[in-house]
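In my numbering, the protein residues as written are 49 to 334.
Below you can see the structure in the form of structure tokens.
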């Protein structure tokens, strides 16, 4: 895309964190932006802030795990602005088990996959026909470095899936000679509210209160992970990378070169027919 001026972006998970930063950057680029989030009050506050700064924005409360909700988001965007040019499937949750020592129940899996994976699938289902029809568009799917490095969690499974379907989407559109671009965003540690995902956990996915308490080692690893997130990149830096990727048509968007040795080690292990090394034992900023 040569310019974003006057075009329309839809961003899910836009009330805070990276989604909010994407919306802010797109507004500065002259875009009109539809912000979507499941959190109504934070969404309203973000829309008001961007509007006060001169942005042409609207907010739509959206549960990306429900196709009907994402279709309603599409309809609201088209009603407000007539078309959509950039779709950022960004909404995501971290789940409750970040270190992978514990197996979680099916409700946890359904919640995490419902938001992280089905949210992307629903975004494709609702918006792709429109984007392909007018041809001037770009899709950004938020995956994670966890989508390239193994882990025994629902979060990792969801992000591996997002990486795979994003690669497949780009291949499909290229085979059809579509001019719609695709980017796969794989952030490392970014300073967001991802560790507080439980604030949006539905009642049916509440973690069971029975079972052993977390061990000292689990608590320590959780706090270490939370500290890395707090000390992670500013979401505005990630938004700049996404903005540039949309303009240039870049597929892979990585936020940290520090992670690439771990990815290279995994690729070498694949070629050797071996399991990949445990990246948590040699992750950036240890």
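Ideal Cβ positions, reconstructed from N, Cα and C, are used throughout, including at glycine. Given the structure is predicted, the values throughout are model-derived calculations rather than measurements.
Take residue 50, set aside five residues on each side of it, and the residues of its chain with a beta-carbon closer than 8 angstroms to its own are 295, in chain order. Of the residues 176, 197, 248, 207, the one whose Cα lies closest to the Cα of residue 217 is 176. It is roughly 26 angstroms from the alpha-carbon of residue 128 to the alpha-carbon of residue 288. For the stretch 200-255, the full-length beta strand (DSSP E) segments reaching 3 residues or more read 229-234 along the chain. Minimum Cα-Cα distance from residue 160 among the listed residues 104, 206, 200 corresponds to 206. Secondary-structure assignment with DSSP links residue 183 through no beta bridge to anything.
Exclusion of the five residues before and after residue 193 leaves 234, 236, 307 as the residues of its chain whose Cβ lies within less than 6 angstroms of its Cβ. In this structure, the beta-carbon distance from residue 56 to residue 80 falls below 8 angstroms. In this model, residue 126 and residue 82 are separated by some 10 angstroms (Cα to Cα).
Residue environment analysis places residue 323 among the exposed positions, since fewer than 16 neighbouring C-beta atoms fall within 10 angstroms of its C-beta. Residue 190 is bridged by DSSP to 233. With a minimum length of 4 residues, the unbroken runs of alpha helix (DSSP H) contained wholly in the stretch 258-296 fall at 264-278, 283-296. For residue 164, the enclosing alpha helix (DSSP H) starts and ends at 154-164.
For residue 114, the closest C-alpha among the options 162, 326, 200, 61 is that of 162. Here DSSP, grouped into helix, strand and coil, assigns residue 99 to helix. Residue 174 carries a helical assignment under DSSP once its states are collapsed to helix, strand and coil. Taken atom to atom, the span from the alpha-carbon of residue 284 to that of residue 101 is near 16 angstroms. Look at residue 84 here: in three-state DSSP terms it is strand. Residue 109 is bridged by DSSP to 85. Exclusion of the five residues before and after residue 221 leaves 228 as the residues of its chain whose Cβ lies within less than 6 angstroms of its Cβ.
Classified as buried, residue 166 has 16 or more neighbouring CB atoms from the shown chains inside 10 Å of its CB.
When the five nearest sequence neighbours on each side are left out, the beta carbons in the same chain lying within less than 6 angstroms of the beta carbon of residue 187 are those of 135, 230, in order along the chain. DSSP places residue 299 outside both helix and strand once states are collapsed to three, so it counts as coil. When C-alpha distances from residue 248 are compared across 143, 74, 98, the shortest belongs to 143.
Scanning its chain for C-beta atoms nearer than 6 angstroms, with the 5 sequence neighbours on each side dropped, one finds around residue 119 the residues 174, in chain order. Here residue 132 is not near residue 111, since their CB atoms are 8 angstroms or more apart. Here residue 70 is buried: its Cβ has 16 or more other Cβ atoms, across all protein chains shown, within 10 Å. Closest in alpha carbon position to residue 63, among 75, 76, 90, 252, is 90.
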